[in-house]
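As they're listed, the protein sequences go chains A and B. Numbering (the numbering used here) for the first sequence: 25 to 207. Numbering (the numbering used here) for the second sequence: 25 to 207. A quick write-up on the structure given underneath.
There are 2 protein chains.
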Amino acid sequence: MSLKYTLLGFLNYGPMTGYDLKKHIDNSTKYFWHARLSQIYPTLKHMEKDDLVYSTIMPQEGKPDKKFYMITDQGRADLLTWLEEFPSEIIPDKRPELLRLFFAGALDQENVIMHLRHQLALHRAQLKKYQTETTIYIKDVIEETGLERESVLWELTRQFGEDYEQMNIDWLEQAILIVEEKL
Amino acid sequence: MSLKYTLLGFLNYGPMTGYDLKKHIDNSTKYFWHARLSQIYPTLKHMEKDDLVYSTIMPQEGKPDKKFYMITDQGRADLLTWLEEFPSEIIPDKRPELLRLFFAGALDQENVIMHLRHQLALHRAQLKKYQTETTIYIKDVIEETGLERESVLWELTRQFGEDYEQMNIDWLEQAILIVEEKL
DNA sequence: CCTAGCATGTAACCAGTTACATGATTCA
DNA sequence: TGAATCATGTAACTGGTTACATGCTAGG
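Right under this line is the structure:
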């Protein structure tokens, strides 16, 4: 239940519906924290029960009523506590593509190279996204909201994405050479 | 249930107990696919029901009987199918530390820098691990088993770890400078 | 006309974690 | 004496996915 902190983080900027939160996630944290609406709605309900947020209903016609969530003092305190926590260790991510490569001895050389090239294409596409779409989006939000302090941090997370993809590309290019030569 | 492929991958090298599988994981795939014994045992049972593996019991005294698992033809076929699959997209990892940074506008500059420095220390330690422990371990396994073809692939996954940690370190060093200057 | 967007959810399932249980042997 | 290793597991829980349900409006 760490989606909780994503939701608290956004609700700390202002009241929002579950649907709004989903859009915010898709526009920003998506690449390091994503969630479906079918997880967001019950999580908000659960958070309300825990007094981290509360809701008011805005009637609408032709659509389900909007349900605006607001952060409570307790919610803000919980967010703050989490922000200040220092993780004691790195929890390693699961990387299915590394796992596949690890066991790829059962495939022939050509097949392994095809897989690496495929990954290379995916990561090149993702790098481009960070360099264009994401960069433009952050610029737009700064202009609209004037949240300059926040924007420094958002830009850092974008830069991480770019650096990560570039690292993958470099590693894959090297990996292809090594597999061509040694496998 | 993708632990399944890790288990099939190792069982494809030879028969093993759940306990052995855990040790193999901890010695190799741990940094890109980890699992607890409390997940391994029921998963093996489930795989046996699906005819991907079968087991024989070796009685022991003073300890619970050993249960050796072997891969079946169907298990091998399943492994092969998975190895040959091309993922259609990159599923983004969850990065709690990026999430924390994204919302760190609620903290003061000094606190943010402390968090970045903390991460830096963790990643430097992890880099060292890949450069020493892991490197030595792979060398040892090659000498013992002579699995040269496999070792090329294992070394590539180790190199990924090293490159990934180095990228994190570089990014964090830059991030600290930027936060010092702009936040 | 059909797709995307708006707006809410529920139910069943899957993957993984935490905590518990048992009990002998070996090593510092 | 107490921790680590060997060796098996189960039960309760958490986090997240997939599939289903409803239904109106705007735009190409």
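The beta carbon of each residue, even a glycine, is placed where N, CA and C say it ideally should be. Quick caveat, the model's predicted, so the values are computed rather than measured.
When the beta-carbon positions are compared, Glu168/A and Gln143/A stay at least 8 Å from each other. In this structure the segment 27-37 of chain B lies against the segment 127-135 of chain A, because at least three pairs of beta carbons, one per stretch, are closer than 8 Å.
Under the DSSP definition of a beta bridge, Met94/B partners with Tyr78/B. Residue pairing for Met40/B: DSSP places it in a beta bridge opposite Tyr93/B. In this structure, the beta-carbon distance from Glu204/B to Gln155/B does not fall below 8 Å.
One Cα belongs to Tyr65/B, the other to Gly42/B, and the distance between them is close to 6 Å. DSSP, reduced to helix, strand and coil, places Leu107/B within a helical segment of the structure shown. Nearest in C-alpha terms to Asp117/A, of all of Lys90/B, Glu189/B, His70/B, is Glu189/B.
Contact annotation: Leu76/B and Asp44/B have beta-carbon atoms that are not nearer than 8 Å. Sequence-ordered contacts of the segment 68-84 of chain B with chain A are nonexistent [C-beta pairs closer than 9 Å]. Relative to the Cα of Ile81/A, the nearest Cα in the group Arg148/A, Met40/A, Lys153/A belongs to Met40/A.
Proximity of Val165/A to chain B, defined by a Cβ-Cβ separation below 8 Å, is not satisfied. Contact annotation for Ala128/A against chain B: Leu107, Leu177 [CB-CB distance below 8 Å, chain order]. With respect to chain B, the C-beta atom of Glu204/A has no partner C-beta closer than 8 Å. Under the Cβ distance rule, Gln155/B does not count among the residues neighbouring chain A, no pair being separated by less than 8 Å. Within the segment 171-206 of chain B, the complete alpha helix (DSSP H) segments at least 4 residues long are 172-206, listed from N- to C-terminus. Per DSSP, Tyr65/A is one residue of the alpha helix (DSSP H) stretching across 61-73.
With respect to chain B, the C-beta atom of Ser62/A has no partner C-beta closer than 8 Å.
Contact between Leu146/B and Glu109/A fails: their C-beta atoms lie close to 14 Å from each other, not under 8 Å. The shortest C-alpha to C-alpha distance from Glu72/B to any of His48/B, Glu85/B, Gly99/B is the one to Gly99/B.
When the Cα atoms are used, Lys153/A and Arg182/A turn out to be separated by approximately 10 Å. Counted as a single uninterrupted DSSP element, the stretch harbouring Gly86/A is not any alpha helix (DSSP H), since DSSP gives it neither H nor E. Nearest CB-CB separation between Gly99/B and chain A: not below the 8 Å threshold. Against chain A, the CB of Phe184/B has a partner CB under 8 Å away; the residue lies at that interface. By the 16-neighbour rule on beta-carbons within 10 angstroms, Thr105/A is exposed. Taking a C-beta cut-off of 8 Å against chain A, the contacting residues of the segment 27-55 of chain B are Tyr29, Thr30, Gly33, Asn36, Ser52, Thr53, Lys54, Tyr55, listed in chain order. Taking C-beta atoms under 8 Å as the contact rule, Ile202/B and Val176/A qualify, at a distance of about 7 Å. The alpha carbon of Lys90/B has as its nearest neighbour, out of Asp97/B, Thr96/B, Ser79/B, the alpha carbon of Ser79/B. Rounded to the nearest whole angstrom, the CA to CA distance from Lys54/B to Lys87/B is 26 Å. Not a single CB atom of chain A sits nearer than 8 Å to the CB of Ala145/B. By the rule that beta-carbons nearer than 8 Å mark a contact, Tyr188/A touches chain B.
Taking a contact as a CB-CB distance under 8 Å, the pair Ala199/B and Leu123/B does not count as one, their CB atoms being some 15 Å apart. With respect to the C-alpha of Leu131/B, the residue from Arg173/A, Tyr93/A, Ile160/A having the closest C-alpha is Arg173/A. Among the residues of the segment 110-127 of chain A, those with a Cβ less than 9 Å away from any Cβ of chain B are Phe110, Pro111, Ser112, Glu113, Ile114, Ile115, Pro116, Asp117, Lys118, Arg119, Pro120, Glu121, Leu122, Leu123, Arg124, Leu125, Phe126, Phe127, in the order of the chain.
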